[in-house]
Amino acid sequence: MTAWKEGVRPDPAPCREQDLGRFEVTQRDGQARLGRLHTKHGVLETPALLPVVNPNIRTVEPRVMWDKYGIQALITNSYIIWKHEDLRNQATSEGVHALLDYPGVVMTDSGTFQSYVYGDVEVGVDEIVRFQRSIGVDIATMLDVFSRPDMSEEEVEAAVRETAERAEQSILAAEETMLNGPVQGGLFRNLRHISAQLMGAYPFAVHPIGGIVPVMEQQRYKEYAKIMMATLPLLPANRPVHMFGCGHPMLFPMSIALGADLFDSAAYALFARDGRLLTPWGTERLAELVDWPLLMPCVAALTPADVRALPSDKREETLALYNLEVTLAELARCKQAVRDGTIWQLAEQRSHQHPALREAFLWLTTSPSSDRNLRPEKFYTDRDAARDTGSDQGMWEDAWDWVVWSQQTPRTGGVQWGGDDTFVRPQIVKARRLLHTRWGGREATEAIVVFHGIRGPYRERLGEVLTWLAHRCPNVQPLILSPLGLVPAALEDLNPFAHLDAPQWVLRHEPEKAWMASELSRLGLSGHPVSTVDVNGPGLKQRLAEALVAVSQESDVHQNLTHEQEREARDRLRVEQAVAKQMVLLNASREVATSTVDGCTFVTNREGRVKNVNSADGQHLFSPRLRDGGMSMANAGALALLASRTQPLPTLVPATEWRGHAGNGPAVVVVDDDAEPFVRKGRNAFHGFVLACDPWLSPGEPCLLTNQNGTLLGHGIAQCNADELRTFTKGIAVKTRGGFGEKNE
Ligand code: GUN
636 MTAWKEGVRP DPAPCREQDL GRFEVTQRDG QARLGRLHTK HGVLETPALL
686 PVVNPNIRTV EPRVMWDKYG IQALITNSYI IWKHEDLRNQ ATSEGVHALL
736 DYPGVVMTDS GTFQSYVYGD VEVGVDEIVR FQRSIGVDIA TMLDVFSRPD
786 MSEEEVEAAV RETAERAEQS ILAAEETMLN GPVQGGLFRN LRHISAQLMG
836 AYPFAVHPIG GIVPVMEQQR YKEYAKIMMA TLPLLPANRP VHMFGCGHPM
886 LFPMSIALGA DLFDSAAYAL FARDGRLLTP WGTERLAELV DWPLLMPCVA
936 ALTPADVRAL PSDKREETLA LYNLEVTLAE LARCKQAVRD GTIWQLAEQR
986 SHQHPALREA FLWLTTSPSS DRNLRPEKFY TDRDAARDTG SDQGMWEDAW
1036 DWVVWSQQTP RTGGVQWGGD DTFVRPQIVK ARRLLHTRWG GREATEAIVV
1086 FHGIRGPYRE RLGEVLTWLA HRCPNVQPLI LSPLGLVPAA LEDLNPFAHL
1136 DAPQWVLRHE PEKAWMASEL SRLGLSGHPV STVDVNGPGL KQRLAEALVA
1186 VSQESDVHQN LTHEQEREAR DRLRVEQAVA KQMVLLNASR EVATSTVDGC
1236 TFVTNREGRV KNVNSADGQH LFSPRLRDGG MSMANAGALA LLASRTQPLP
1286 TLVPATEWRG HAGNGPAVVV VDDDAEPFVR KGRNAFHGFV LACDPWLSPG
1336 EPCLLTNQNG TLLGHGIAQC NADELRTFTK GIAVKTRGGF GEKNE
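FYI, the numbering for the sequence shown is 636 to 1380, going by this note's numbering.
Take a look at the structure:
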């Protein structure tokens, strides 16, 4: 959004004709996304809040929303316009934008909500859609059937089926107008699934999640989270999701983290009428305030007492502006968090603001399945309670997978410790899953030594003993105990494991037996003798000696290595680092990763850290990254990994498969002939130019770009998974990091 001087904000430019109705994602943080929805009245940046404007009672003028607040879209009710003759006449003759005096995106609802509140509406299914089209709305809504949380399963199913039956005629009546296809299903997970699939099969532009207003009013936020988790993974990924009637800023971080793109708020006006203020942590009463909970621009020169003294219409307007400003500010905070990769952290912080929100958060991040229970020892009492009884929770694993596997890892920057919640952040869970599913120890492993007790990165403190171990006890597998889990020493600098910003006592915690055993089993290292070494304080070598005795290994740690032995051992560690990083970050099997770097040489910086890994014939294969402990592929590395691929090349864009492809190499993305010259030059690969990919393609992960003949054109970082690649028609699919130039046959 460009800046404008107050009062002279220009009207929006319509989108390009060929882009009408398209949605693209420009940034993401897991399932949270910043997007652009292309309409005739401008490109709507998401996540967006659409204030509800009642055409009869305009608490805040739409023109003010546009000019002063830069609000790009609003929602009004077509049924109210249709019912009131004067409104209907003006809308029909001049259009809805003129009626509201608003130049931005206008979405309209259909009267469904009125039928929920008042029982029934008099308008026909086609009629209300045709009416919305005739008054020039940008995004219309079909007449869906509201499903209430107190309805029986049969009643809800009838609402779901009836809504789906109305879809086709509504789509036909809408013609070129973008149409909302609401998903119903009440509190029934299976019916939300069915509704999402039925509605997703029609060419709707947006999918609102319907029937959630009473759920939110009753503050049943766990049910709200369940509805999202039951619905969003099953909707076409390229369509924005609108949370119908959700306008309380308290719910934004969690909703956005779970993939919501649009919100609408009548709350700003309704609460104002009632003398109440919205805040990101709940609701407050004007009557009880001496100071503002948040000082917003519209009350900068006023105290709550001043506002109480205003005439009632002025007071209501001031509070409505206040609520709007607070809501927009929280939305902006969420958007920045998506850019910063901290939306889950924000959701986690906000979850402490309200018990029901906390319950929802705990429900989301808790599972009876093992890998979320990172630290079993102490904090599972409340998490246990947040689980549902019986086997219900197990059914949600697919949805949680959808959240976890979409996380980008490794990332740059420290991981802020936030108590026990830190360990169940989906980003951390994804990093652990990659480690556990892709890394494998050497077959010759005889024993394990676990170093513990210090803050990462660990190389300075451990460099000497690791070199010694590599030479004298090559079959001892060194591991490091980070608060986020056990990691092979070769991955000592990998984010997030090495980058936890936490108090000393978190970093120095003692290894606990049961936890170590489960961690070792996840790494495929069960069954070996294990001993631990506290890295703190003098006498490290002596403690290592004792640990080695305990696992029946050579222990003469005081016998120093010759220069030559040291050099050779250090190179062996560097090779193991390149192998481990290829496994975890590039999905190479140990066999392939080892052969890729067979005979390689290293270019190091002054501290002896590897800058480049070069092949035996001098080609640049990989560059380990200092900032996140990752490893970038260079062209020769990409070629080597493609050459060792054993799977056939993909021929279509399949459904996403998160599991079961460990060791198959980086995902391949096949682009069409039009894109080939651009990718070769190192330009990004765009949606719409991609023909096929592997099912394990994942946002943030390196991938290989080929043409249909399997010739490598370049490599890059995927921005999406396979399901997203199949549906999106606009935006970047792969950010290209290296292209092969003109020829590469
Ligand atoms: N407004 C709030 N909830 C709903 C819903 O379920 N359907 C429609 N059409 N509008 C709504």
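Cβ coordinates follow ideal geometry from the N, Cα and C atoms, glycine included.
Below 6 Å CB to CB, which residues in the same chain sit around residue 1336 once its five sequence neighbours on both sides are set aside? Counting from 1 along the sequence shown, the entry for residue 1336 is found at position 701. Excluding residues within five positions, the ones whose Cβ falls inside 6 Å are 1353.
How long is the line joining the alpha carbons of residue 854 and residue 889, rounded to whole angstroms? Walking along the sequence shown from the start, residue 854 turns up at place 219. Walking along the sequence shown from the start, residue 889 turns up at place 254. Distance between the alpha carbons of residue 854 and residue 889: 14 Å.
Local Cβ density within 10 Å of residue 948, reported as buried at 16 or more and exposed below that: Position 313 of the sequence shown holds residue 948. Exposed, because fewer than 16 other Cβ atoms sit within 10 Å of the Cβ of residue 948.
Identity of the residues DSSP links to residue 766 by a beta bridge: Along the sequence shown, one-based indexing puts residue 766 at 131. Partner(s): none; residue 766 has no beta bridge.
Delimiting residues of the alpha helix (DSSP H) encompassing residue 907: As a working mapping, residue 907 is identified with position 272 in the sequence shown. Where residue 907 is concerned, the enclosing alpha helix (DSSP H) stretches over 902-908.
Would you call residue 815 buried or exposed, if buried means 16 or more other Cβ atoms sit within 10 Å of its Cβ? In the sequence shown, the residue the question calls residue 815 occupies position 180. It is buried - the Cβ of residue 815 has at least 16 other Cβ atoms within 10 Å.
Would you tell me roughly how many angstroms separate the C-alpha atoms of residue 799 and residue 839, rounded to the nearest one? Reading the sequence shown from its first residue, position 164 is the one you call residue 799. Reading the sequence shown from its first residue, position 204 is the one you call residue 839. Residue 799 and residue 839: Cα-Cα distance of roughly 12 Å.
What separation, rounded to the nearest whole angstrom, lies between the Cα atoms of residue 821 and residue 1086? Translated into the one-based positions of the sequence shown, residue 821 becomes position 186. Translated into the one-based positions of the sequence shown, residue 1086 becomes position 451. If I take the Cα positions, the gap works out to 51 Å.
Tell me the rounded alpha-carbon separation between residue 980 and residue 1204. Here the question's residue 980 lines up with position 345 in the sequence shown. Here the question's residue 1204 lines up with position 569 in the sequence shown. Roughly 41 Å between the two C-alpha positions.
For the beta strand (DSSP E) containing residue 1266, list its first residue and its last residue. Here residue 1266 corresponds to residue number 631 of the sequence shown, with the count starting at 1. 1266-1268 is the extent of the beta strand (DSSP E) around residue 1266.
Is residue 1318 near residue 1364, with beta carbons less than 8 Å apart? Along the sequence shown, read from residue 1 onward, the residue named residue 1318 stands at position 683. Along the sequence shown, read from residue 1 onward, the residue named residue 1364 stands at position 729. Cβ distance not < 8 Å, so residue 1318 and residue 1364 don't count as in contact.
Residue 924 to residue 1242 span [Cα, whole Å]: The residue given as residue 924 occupies position 289 in the sequence shown. The residue given as residue 1242 occupies position 607 in the sequence shown. Whole-angstrom Cα-Cα distance: 59 Å.
May I ask you to verify whether the segment 853-869 touches the segment 644-661, counting CB pairs closer than 8 Å and requiring at least 3? no
Coarse secondary structure for residue 650, derived from DSSP in three states: Mapped onto the sequence shown, residue 650 falls at position 15. Residue 650 falls in the coil class under three-state DSSP.
Neighbouring residues (CB closer than 6 Å to any heavy atom of ligand 1): 744, 745, 747, 748, 776, 779, 781, 817, 845, 846, 848, 879 and 880
With residue 1122 and residue 1132 assumed to form a contact (beta carbons below 8 Å), what rounded beta-carbon distance in angstroms separates them? As a first step, residue 1122 is located in the sequence shown; it is residue number 487 there, counting from the start. As a first step, residue 1132 is located in the sequence shown; it is residue number 497 there, counting from the start. Contact flag correct, Cβ pair sits at about 5 Å.
From residue 1062 to residue 1036, what does the alpha carbon distance come to, in whole angstroms? Translated into the one-based positions of the sequence shown, residue 1062 becomes position 427. Translated into the one-based positions of the sequence shown, residue 1036 becomes position 401. Whole-angstrom Cα-Cα distance: 11 Å.
Can you grab the Cα-Cα spacing for the pair residue 1359 / residue 661, in whole Å? Within the sequence shown, the letter at position 724 stands for residue 1359. Within the sequence shown, the letter at position 26 stands for residue 661. The alpha-carbon atoms of residue 1359 and residue 661 are separated by roughly 13 Å.
Complete alpha helix (DSSP H) runs within the segment 1246-1299 (minimum length 4 residues, chain order): 1270-1278
Per DSSP, residue 1344 forms a beta bridge with which residues? Counting from 1 along the sequence shown, the entry for residue 1344 is found at position 709. Answer is none; residue 1344 lacks a bridge partner.
Can you tell me which residues form a DSSP beta bridge with residue 659? Reading the sequence shown from its first residue, position 24 is the one you call residue 659. Note: residue 659 sits in a beta bridge opposite 671.
From the DSSP output, which residues share a beta bridge with residue 742? Position 107 of the sequence shown, counted from the start, is the residue given in the question as residue 742. Partner(s): 710 and 774.
Specify the secondary structure class of residue 971 as computed by DSSP and reduced to three states. Mapped onto the sequence shown, residue 971 falls at position 336. Here residue 971 sits in helix by DSSP.
Check this for me: beta carbons of residue 994 and residue 856, under 8 Å apart or not? The residue given as residue 994 occupies position 359 in the sequence shown. The residue given as residue 856 occupies position 221 in the sequence shown. Yes, they are a contact pair.
Identity of the residue in 1101, 1060, 1135 and 916 nearest residue 991 by Cα: The residue labelled residue 991 in the question sits at position 356 within the sequence shown. The option with the nearest alpha carbon to residue 991 is 916.
Can you have a look at residue 1300 and say buried or exposed, based on whether 16 or more other CB atoms are within 10 angstroms of its CB? Locating residue 1300 in the sequence shown gives position 665, counting from the first residue. Label assigned to residue 1300: buried.
Environment of residue 1373 [buried if 16+ CB atoms lie within 10 Å]: As a working mapping, residue 1373 is identified with position 738 in the sequence shown. Per the 10 Å Cβ criterion, buried.
Give me the Cα-Cα distance between residue 1100 and residue 1171, rounded to the nearest whole angstrom. Residue 1100 sits at position 465 when you count from the first residue of the sequence shown. Residue 1171 sits at position 536 when you count from the first residue of the sequence shown. Whole-angstrom Cα-Cα distance: 13 Å.
Can you list, in chain order, the residues of its chain with a C-beta nearer than 7 Å to that of residue 1239? Leave out the 5 residues immediately preceding and following it. By 1-based counting over the sequence shown, the position of residue 1239 is 604. Correct list, in chain order: 1245 and 1246.
DSSP-derived helix/strand/coil call for residue 1373: Locating residue 1373 in the sequence shown gives position 738, counting from the first residue. Reduced to three states, the DSSP call for residue 1373 is strand.
Quick check on the burial criterion: 16 or more other C-beta atoms within 10 angstroms. Buried or exposed for residue 1193? As a working mapping, residue 1193 is identified with position 558 in the sequence shown. Residue 1193 is exposed by the Cβ-count criterion.
Could you name the residues that DSSP lists as bridge partners for residue 898? On the sequence shown, position 263 is the one that residue 898 refers to. According to DSSP, which records beta bridges pairwise, residue 898 is partnered with 684 and 878.
By alpha-carbon positions, which one of 878, 719 and 779 ends up nearest to residue 746? Walking along the sequence shown from the start, residue 746 turns up at place 111. Among 878, 719 and 779, the Cα nearest to that of residue 746 is on 779.
Using the Cα positions of residue 813 and residue 846, report the straight-line distance between them to the nearest angstrom. Within the sequence shown, numbered from 1, the residue matching residue 813 stands at position 178. Within the sequence shown, numbered from 1, the residue matching residue 846 stands at position 211. Their backbone Cα atoms lie some 21 Å apart in a straight line.
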